[in-house]
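Following: one structure in structure tokens, then a few remarks.
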Ligand code: TYD
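Right, here's the structure in full:
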């Protein structure tokens with residue numbers, strides 16, 4: 005099973021990805037818990053460039069996320085799924101469509117097409133979208149913001165709207181959860197959805 009978590013920065017999706025991976029492991033399953041951009045040495049190096057490097061053009065940014073994803077799928081995600089194990093990934097293609105395709109304005113279809121090409125069409129079995137008002141999410145933010153987080157609130161609002169429209173367009177794959185609920189309640193709701201897939 006391939007499960008992804010999506011949401012605006014500081015929505016709490018990483019916590020939920022970790023809790024689901026722990027629960028699946030307790031059920032006796034073998035789980036790769038991973039994140040994007042990242043998950044392979046090349047993808048981690050790209051992460052550094054894209055999040056902590058110089059300003060860059062929007063297509064360079066989209067292409068770098070796609071390059072990291074291509075490596076991650078080929079070397080980690082697909083081999084794990086082929087062994088029959090589970091993958092729980094913090095962010096995936098929907099992030100590129102929302103951030104680069106919609107919020108940066110590159111075009112949702114073009115960014116989706118690029119990403120389906122580089123992953124040879126690999127989409128998750130289920131995606132949990134952790135919804136949280138961007139203003140609420142920003143107040144949770146701590147530490148030094150990365151290059152994307154520095155875009156500010158207007159950008160995060162566009163990303164939030166983009167994720168909501170992706171969920172409305174893909175109701176069979178994307179499940180929305182209320183990110184303002186207590187974390188154990190969100191985790192329970194996620195587990196119940198996943199239990200039905202096992
Ligand atoms: P994330 O790992 O969630 O950040 P952090 O570890 O700081 O919580 O994601 C890194 C940033 O990259 C985040 O602002 C979203 C952005 N991003 C994109 O713009 N496009 C993508 O395809 C991905 C995977 C992430």
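Numbering (the working numbering), first residue to last: 5 to 202. Beta carbons are placed, not taken as given, at the ideal position from N, Cα and C, and that holds for glycine. Predicted model, so just to flag it, every value in this text is computed and none were measured.
- [ ] Out of 88, 80 and 66, point me to the one whose CA is closest to residue 102's CA.
- [x] Within the chain shown, the letter at position 98 stands for residue 102. Distances from the alpha-carbon of residue 102 to those of 88, 80 and 66 put 66 closest.
Task: Minimum C-alpha distance to residue 73 - residue among 169, 89 and 127 - done: Your numbering for residue 73 matches position 69 in the chain shown. Between residue 73 and the set 169, 89 and 127, the nearest pair of CA atoms involves 127.
Open item on the list: Let me make sure I understand the geometry here. Which of 32, 95, 57 and 46 has the alpha-carbon closest to that of residue 18?
Closed with: Along the chain shown, read from residue 1 onward, the residue named residue 18 stands at position 14. For residue 18, the nearest C-alpha among the options comes from 95.
- [ ] Measure the Cβ-Cβ separation of residue 35 and residue 49 and say whether it is below 8 Å.
- [x] Residue mapping note: residue 35 aligns to position 31 of the chain shown, counting from 1. Residue mapping note: residue 49 aligns to position 45 of the chain shown, counting from 1. No; because the gap between Cβ atoms is not below 8 Å, this pair is not in contact.
Task: Cβ-Cβ distance between residue 11 and residue 167 below 8 Å - done: Taking the chain shown and counting its residues from 1, the one referred to as residue 11 is at position 7. Taking the chain shown and counting its residues from 1, the one referred to as residue 167 is at position 163. Yes, the pair counts as a contact, with Cβ atoms nearer than the cut-off.
Task: Whole runs of the alpha helix (DSSP H) within the segment 42–95, excluding any shorter than 4 residues - done: With a minimum length of 4 residues, the continuous alpha helix (DSSP H) runs that stay inside the segment 42–95 are 45–56, 62–76 and 82–86.
TODO: Might you give, ordered along the chain, the residues of its own chain that have their beta carbon closer than 7 Å to the beta carbon of residue 184, omitting 5 neighbours on each side?
DONE: Walking along the chain shown from the start, residue 184 turns up at place 180. Excluding positions up to five away in sequence, the list reads 136 and 140.
Open item on the list: Ignoring anything shorter than 4 residues, give me the alpha helix (DSSP H) runs that lie fully in the segment 151–178, in order along the chain.
Closed with: Runs of the alpha helix (DSSP H) inside the segment 151–178: 157–173.
Task: Run of the beta strand (DSSP E) containing residue 130, from where it starts to where it stops - done: As a first step, residue 130 is located in the chain shown; it is residue number 126 there, counting from the start. 130–135 is the extent of the beta strand (DSSP E) around residue 130.
TODO: Indicate the three-state DSSP secondary structure (helix, strand or coil) for residue 180 in the structure shown.
DONE: Taking the chain shown and counting its residues from 1, one reaches residue 180 at position 176. Note: residue 180 maps to strand in three-state DSSP.
Open item on the list: Do residue 32 and residue 80 count as a contact pair if the criterion is CB distance below 8 Å?
Closed with: In the chain shown, residue 80 corresponds to position 76, counting from 1. In the chain shown, residue 32 corresponds to position 28, counting from 1. Between residue 80 and residue 32, the gap from beta carbon to beta carbon reaches 8 Å or more.
Task: Where the alpha helix (DSSP H) through residue 10 begins and ends - done: Translated into the one-based positions of the chain shown, residue 10 becomes position 6. First-last for residue 10: 6–10, but that is the beta strand (DSSP E), not the alpha helix (DSSP H).
Task: Same chain only: Cβ atoms within 7 Å of residue 107, ignoring 5 sequence neighbours per side - done: Counted from its first residue, the chain shown places residue 107 at position 103. Excluding residues within five positions, the ones whose Cβ falls inside 7 Å are 159, 162, 163 and 166.
TODO: May I ask whether a heavy atom of the ligand TYD can be found less than 7 Å away from the beta carbon of residue 133?
DONE: What you label residue 133 is simply residue 129 of the chain shown in a count that begins at 1. Distances taken from the Cβ of residue 133 to the heavy atoms of the ligand TYD include none shorter than 7 Å.
Task: residue 23 versus residue 145 - alpha carbon distance - done: Position 19 of the chain shown, counted from the first residue, corresponds to residue 23. Position 141 of the chain shown, counted from the first residue, corresponds to residue 145. When rounded, the distance between both Cα atoms is 20 Å.
Open item on the list: Which residues does DSSP list as the beta-bridge partners of residue 38?
Closed with: The sequence position of residue 38 within the chain shown is 34, counting from 1. The secondary-structure analysis by DSSP pairs residue 38 across a beta bridge with 93.
Open item on the list: For the ligand TYD, is there any heavy atom lying closer than 7 Å to the beta carbon of residue 152?
Closed with: Counted from its first residue, the chain shown places residue 152 at position 148. It does: the Cβ of residue 152 is within 7 Å (strictly closer) of some heavy atom of the ligand TYD.
Task: Selection from 155, 157, 76 and 194 that minimises the alpha carbon distance to residue 124 - done: By one-based count along the chain shown, residue 124 stands at place 120. Answer by Cα proximity: 76.
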